[in-house]
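Each remark here refers to the structure printed beneath this line.
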DNA sequence: CCAAAATCAATAATGATTACTATTATTGTT
DNA sequence: AACAATAATAGTAATCATTATTGATTTTGG
């Protein structure tokens, strides 16, 4: 995996964005620096960075991939109204991987807890 | 909400399929009964059934929705090689929703734990 | 039986992602 | 600095998943 300005900037963009950006968000931000960058480049590098563990890829019910610079232990909260993804600081028992591994017979690499619900913002909107 | 043959069959198909079928799997199975059924019908009804809580919609990193007839408490294991989804019987503390709700300020409806790793089958294949 | 509402099939349209190709950049080595 | 091998890129086409549209058909409640 060689150096490229594109990849470096993509990593920086994700790392400076708390809001779990989608591929498209990263693409829009990157175009401000490299106007003729290709969308395929963004896809390729985000997936590479996720595979190498420098960022994290998050599933979400809206059918689009989100990326998270925070590779430390934490979980996610996805609003079913606005599809935003929030971090939830983790304090759940860390031995769940081991426990689950015993139950499934495969090799477990990681886990994520995704909470679904309605976020603070959307709750406010509903009341108005 | 239960008077169309299509919806009834879709529900039965999911309920009789342990393997967390995708929209397309359900579509293929349904066509054996109703050859000219529309894919849109499958999408609409699977989402309706998931909203009404009769089945469960599962997110997965491969970008396709999976559906699960098992609406009881359990978690999921997704193989990063074959993308199959397995159930993991749940015995994790149920108070995580409450705990997370305090932390995020929104309203939490449910949560899912998805474990990622390499499943038993794929481990075997690797060795050969 | 009739009218309103719900559902349907078929297909078009959209949105996300991947594949492909010719070109350019990076790397380690002379 | 020039070289070849490799990796990455831009641009675009193709693919895959999903949603929207439309007009016909079916169900429901009176």
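Protein chains in written order, with this note's numbering: chain A, 62 to 189; chain B, 62 to 189. The beta-carbon is built from N, C-alpha and C at its ideal position, and this holds for glycine as well.
Sub-9 Å separation of residue i and residue j beta-carbons
i                      : j                      : result
residue 93 of chain B  : residue 108 of chain B : no
residue 130 of chain B : residue 165 of chain A : no
residue 169 of chain B : residue 124 of chain A : no
Same chain, Cβ closer than 8 Å to residue i, five either side skipped, listed in chain order
i                      : result
residue 135 of chain A : 148, 149, 150 and 151
residue 82 of chain A  : 74, 75, 90, 127 and 128
residue 115 of chain B : 72 and 132
residue 95 of chain A  : 66, 67 and 70
residue 172 of chain A : 157, 158 and 161
residue 141 of chain B : 122, 177, 178 and 179
residue 111 of chain A : 117, 118 and 128
residue 183 of chain A : 140, 142 and 143
Residue i - DSSP class collapsed to helix/strand/coil
i                      : result
residue 140 of chain B : strand
residue 171 of chain A : strand
residue 75 of chain A  : helix
residue 104 of chain A : helix
residue 185 of chain B : helix
residue 118 of chain B : strand
residue 129 of chain A : strand
residue 146 of chain B : strand
Expected contact under 8 Å - CB spacing of residue i and residue j to nearest Å
i                      : j                      : result
residue 143 of chain A : residue 167 of chain B : At roughly 11 Å, the Cβ-Cβ gap does not stay under 8 Å, so residue 143 of chain A and residue 167 of chain B are not in contact.
Residues of its chain near residue i, where Cβ-Cβ distance is below 6 Å and the 5 sequence neighbours each way are ignored
i                      : result
residue 121 of chain B : 127 and 139
residue 146 of chain B : 81, 127, 137 and 139
residue 174 of chain A : 136
residue 163 of chain A : none
residue 88 of chain B  : 100 and 103
Proximal residues to residue i (C-beta, below 7 Å), its chain only, five neighbours per side dropped
i                      : result
residue 104 of chain B : 84
residue 106 of chain A : 67, 68 and 71
residue 98 of chain A  : 67, 91 and 92
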